[in-house]
Every structure is written in structure tokens, then in C-alpha cells.
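Following: one structure in C-alpha cells, then a few remarks.
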Amino acid sequence: MEKLFITQENLKIFVKNLKNDCDEFIAPRKENVDDIIFGDTKDNGRELSTYDGNSVTSPRSFLLPQTEPLFEIKSAKDCVLLPVEDRKKRIFYGVRPCDIKALTLMRKFFVDELADLPYKEKFENSTFIALSCDKRCSKECFCYEMDSGPYAKEGFDLQLTKIQQGYYVNIGSKKGSQIIRRQKKLFANAAPEFAKEIKNILKDFTKGIEKIDYKKLAGIIKQEKVKESVWDDIGVRCVVCSGCITLCPTCSCFSIADRLNGDKGMRMRYCDGCPYAGFTRMAGGSTPFPRHRDHIRRFFEHKLSVDVERYGTPSCVGCGRCIQTCPGNINIRKFINSVLEAQVL
Ligand code: SF4
Ligand code: SF4
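Heads up, the sequence shown is in my numbering, so the first residue is 192 and it goes up one at a time.
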């Protein structure tokens, strides 16, 4: 595959040109309280070409927002519904590799398996420009261990890697090639020494750490070998704040509700998930998971075991967001290590 290079100055021109070719340019920017968040910078130039750490939220908050109108209900009585369409052309810039891997998993669920039209429409109209990591984004991050960083292997259109002289550029898709072709004069062929520089970054990043044996982990969880008391402890600490499922880039669960005013209204989708007692409650009131401790157990099992069986890879990408946000100090990484070291079996 062609390896390219772009200078910092040309990257600015590249971004400016990209902005003319989209409806929203979703990029990392400093929020007023100093955190990094993704936002539309098409008209304000607040995007950061590179940044330390990761954003508080992931691209999921644009593709699967917390609440989203699906249909306008013209008449509930006569069942007349008008789909809400979102055909905006979005360019996501500066997405970290862990979030790119999360997008590939979300694509499997929302696009490849059974097409969810509102998600599919937004996803297919989007372009993803990854920005690889040269250091861990936080002390909680464990992307390399989960095989989702510091470089994205797939799922991006273009990937930028910061090197001393500028940015090394990987093309990951046809869409990516077309973008480059339109602005070819901004790019040069990458010199061989740039690849060496990247190898050294990777060496430093991965020094002393090993990939998690996620197949072994999935097997242990599936065989229900984890001590019951571990789930009891986790249940006591979870206060159902929903921080984990709100920030996790791979949480895909949702519910549907109609907001009616007389005969008219909106059908809304809203993010739902494991910690809530009502999430699995069925008509009639019964639930397969009546105990609170089993709600976060389900979160862990889904990400670390069920999805390994389903997709061949865990759906925890090691971003560390759930660890950073949990008021009960529930730590999925510690859990993984304890299981693999057989301390909780
Ligand atoms: S962040 Fe922690 S306390 Fe909040 S719902 Fe998730 S596990 Fe429970
Ligand atoms: S489970 Fe936690 S660490 Fe894993 S991807 Fe979700 S938020 Fe990130």
C-alpha cells in the first residue's frame, strides 16, 4: 500500500479543503473546561490537528446519539409515520485507533448483520480519519493489550501518524484514496526512515506490556468460572450512574419510546443498557436478570466473552473511559487481569 507524507502546513490546507467538502467536520477540540471533546468545527476552526490523550466521548455520540428521533408520528391512530432522515456528509478527523476499532464492531452490529437504517445512513455518509497514538492516552488505557492500538489496522479511510517532520499517512479505503487523489499535490511519498521512526514509537509504546489472551479470558467467563462473590462485590459498588454505558464506544443497546401530543409526536430511540434494572424487563414485569449484581456482570460478559464468540474479538477496546468515570471504582482491566491470573476463580 502507498505510504505518504504531509507537512504540518499542508495538513492545515488539507483540513481547510476537506471542510469545503462536508456538512460537518467532527474533530477534537478543547472544551471550555479544558477537556478534549469531538465537535463540529466546520465553521469555527477550533479543531486540534494533534492532541494528547483521548476525547471524553467517542464518535458513537454522533452515530448513536443519547436520544435520536427516528420517525415523525403524523397520526398515531392511523399509524402514519414519516422517517427522519440524516444524510449529512460528516468527516471525522483525529479519531483514536481504539475508537476506530469500536466503529468496526459497531458496523458489524448496525450495518453488516441486520441493517439499522438510521445508523447505516450516518455511517456510510461518514469519512474516518484516524490519528494514531505515540503514547498511552491515560493511565487507564489498555488498547495495546486489547489489540486496538496504538495504530488502527482497519476501519479507517486515512490514518495519520505524527512524526518529527510532519505526518505519515496510511490509506485504508477507496474513499481514502479518492480524497488523496483530489489533493495529491499536498502529499509526498514517505521516506523509508519515517517507517523506522514509527517502529521506534511502537517499540516505546509496547515496552513491557503483553497482549491479553482474550480467547482464554472469554472461555473462562463462558464456563462461569469467576467466583460468585466477585459479581456480588461489583453489584454492591455499582450505583447505576450509567457513566460506563454512556461513554463506552462499543455500547450499542437502545430502547424506543413514543412521545405523543394527542395524535401526533415523535418516535425516539434512546441509549439503554446493562446497568438498568428495567433494561431486560419484559411485558408482565418479569426479567431474566432480577439481581442488581448481574447487570454489570452482563456488561463484562457481553464485551469479554459473547462478542469474542460472535465477532472473534472482544468488544472492549481498552479505551479506559468506563474506568475513569465509574464512581464505584469498578475497573474492567483489573477484572481481566485477576481472571487471567486466576485470582478470582
Ligand atoms: S460507571 Fe460504575 S457505577 Fe456507573 S453504571 Fe457503570 S459500573 Fe455502575
Ligand atoms: S468497556 Fe470500558 S475500557 Fe472497554 S471499550 Fe468500553 S469504555 Fe472502553
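Each residue gets a CB set at the ideal place from its N, CA and C atoms; glycine is no exception. This structure is a prediction, so every number in the text was calculated from the model and none was measured.
- For the pair K313 and K279, the CB atoms are nearer than the 9 Å cut-off.
- The C-beta separation of I362 from I371 comes to about 6 Å, placing the pair in contact by the 8 Å criterion.
- Counting the other CB atoms within 10 Å of its CB gives P518 a total below 16, which places it among the exposed residues.
- Boundaries of the beta strand (DSSP E) around E259: T258 to S266.
- At the C-beta level, N380 and E215 stay beyond 9 Å of one another.
- When C-alpha distances from D225 are compared across Y461, N452, D234 and N245, the shortest belongs to N245.
- Relative to ligand 1, V431 has its C-beta within less than 8 Å of a heavy atom.
- Annotation for C439 indicates a beta carbon within 8 Å of some heavy atom of ligand 2.
- If you draw a 10 Å sphere on the C-beta of P250, you find 16 or more other C-beta atoms in it, and that means buried.
- Annotation: D348 to D269 spans about 44 Å, alpha carbon to alpha carbon.
- In this structure the segment 468–487 does not touch the segment 389–403; the number of beta carbon pairs closer than 8 Å is below three.
- For the pair of segments examined, the segment 405–420 was found not to touch the segment 431–449: the number of CB pairs separated by less than 8 Å stays below three.
- Per DSSP, the beta-bridge partners of D449 are R458.
- Segment contact: the segment 249–268 against the segment 305–319, three or more CB-CB distances shorter than 8 Å; contact assigned.
- Proximity of the beta carbon of K494 to ligand 2 is indicated: a heavy atom of the ligand is located closer than 8 Å.
- With 16 or more other CB atoms across the displayed protein chains lying within 10 angstroms of its CB, S317 is buried.
- Residue range E419 to R428 is occupied by the alpha helix (DSSP H) that includes D423, with no beta strand (DSSP E) assigned at that position.
- Classified as buried, C429 has 16 or more neighbouring CB atoms from the shown chains inside 10 Å of its CB.
- Of the other Cβ atoms in all chains shown, 16 or more fall within 10 Å of the Cβ of S339; this residue is therefore buried.
- In this structure, M337 has its beta carbon less than 8 Å from a heavy atom of ligand 2.
- The criterion of a C-beta distance shorter than 9 Å is satisfied by L261 and R460.
- For S368, the enclosing alpha helix (DSSP H) starts and ends at K365 to R373.
- For P341, there is no enclosing alpha helix (DSSP H), as DSSP marks it with neither H nor E.
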